[in-house]
Amino acid sequence: MTSSTCRIGTVEFGSSELALIAGPCMAEGLEMCLDIAQYMKDLCERLGISYVFKASFDKANRSDGKSYRGPGIETGLDWLATVRRKVGVPVVSDIHEPSQAFAAGEVLDCLQIPAFLCRQTDLLIAAAKTGMCVNIKKGQFMSPHEMEHAVNKVRQTGNDNVMLTERGTFFGYNRLVTDLRAIPQMQLFAPVVFDATHSVQEPGGLGGASGGRREYVPLLAGAAIAAGADGLFIETHRDPSSARSDAASQIPLDEMESVLKRCVAIRNAISKK
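Here the working numbering is used: the first residue of the sequence shown is 969, the next is one more, and so on.
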């Protein structure tokens, strides 16, 4: 049902190939980013998955205002540029303000719009005007059909390289649920990626931080592929318990192979129908 495709560097979303955006929630260090990017690139090459590296240079939506937010835009973009050059993979990160768009667009292959900011017109337009791919994460408070307006804000600038990410819907306080009907519904507007790690997040569930149930990531990732998602978004870390952001929902790096093999098997099964 996808009405179009989009590209992050050399990786196409909306085609017949499975594509993955993966990396740590936060860019905690250059060597850490290089390590995870190289590991995931090698793994995805073995499994026949197209790969994009993701890490945030600034987490502007931390639960606690005193929490560490990341290296910042200057250092963070330098790290991401190094990953792009040394590992040879496209890179994506979030922006939170229109003023960040130009600098980010000079380095990133895709500018990601955080879910809480998906209605911010100036931010969407600034990201679109860089000419880079724009990945808009669906707000937890938004219905699937409302996301057409966000897509149109990008396309009205002349930039058709846009996609959406489903990441769960609020179900009362501190809990998200996933309605897989959102995938085909939003595919009427743009390619749709499924965010398997933020969908198991429990926003603010730990009081001063978000909780999560990472054991359900494989279940939801596989279900999203069965529902026809154009790609997956998964955050991963060598030691999630020590991660400086989203420690409860990131997948241990050494478990990514089993998660992805399951998703590839499901993808292959439905493609044979």
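Even glycine gets a Cβ: it sits at the ideal position worked out from N, Cα and C.
N- and C-terminal bounds of the alpha helix (DSSP H) containing residue i
i     : result
C1001 : L998 to L1015
T1089 : T1089 to A1096
F1070 : A1069 to G1073
G1044 : I1041 to V1055
S1239 : M1224 to S1239
G1242 : Any property of residue 1242 remains undetermined from this structure, which presents the chain solely from 969 to 1241.
Alpha-carbon spacing of residue i relative to residue j, whole angstroms
i     : j     : result
G1196 : Y1036 : 36 Å
F1021 : Q1080 : 12 Å
L1092 : S1018 : 26 Å
A1071 : A1118 : 22 Å
V1168 : W1047 : 28 Å
R1230 : I1238 : 13 Å
I1193 : T1125 : 31 Å
L1011 : G1056 : 14 Å
V979  : L1015 : 15 Å
I1104 : V1060 : 12 Å
R1052 : K1009 : 11 Å
M1115 : K1106 : 7 Å
S984  : I1234 : 13 Å
T970  : A1164 : Caution applies to T970, whose pLDDT of 43 falls short of 50 and renders its modelled position unreliable; the value that the coordinates give is listed next. So the alpha carbons of these two residues sit roughly 20 Å apart.
K1027 : P1066 : 15 Å
V1130 : I1063 : 15 Å
Host beta strand (DSSP E) of residue i (start-end)
i     : result
N1120 : Taken as a continuous stretch (DSSP letters only), N1120 belongs to no beta strand (DSSP E), being part of the alpha helix (DSSP H) at M1115 to R1123.
A990  : A987 to G991
M1131 : V1130 to E1134
K1106 : Segment: none, K1106 is in no beta strand (DSSP E) and carries neither H nor E.
Nearest to residue i (by Cα), restricted to the options the options
i     : options                       : result
R1206 : P992, I1104, T973 and G1073   : P992
L1045 : C1078, G1016 and E1013        : C1078
I1151 : N1142, R1143, T1137 and K1009 : T1137
L1188 : T973, I1041, S983 and R1149   : R1149
I976  : T1043, E1042, V1075 and Q1068 : V1075
Q1108 : N1142, A1094 and E1065        : N1142
Beta-carbon proximity of residue i to residue j, cut-off 8 Å
i     : j     : result
T1098 : G1073 : yes
K1054 : L1132 : no
F1201 : V1145 : no
L1228 : T1204 : no
N1120 : V1102 : no
D1198 : F981  : yes
Q1218 : R1182 : yes
P1171 : S972  : no
R1212 : E1042 : no
G1040 : M994  : no
Bridge-paired residues (DSSP) for residue i
i     : result
S1018 : A987
R975  : E980
V1060 : K1022 and C1078
H1166 : According to DSSP, H1166 bridges with nothing at all.
G1179 : E1170
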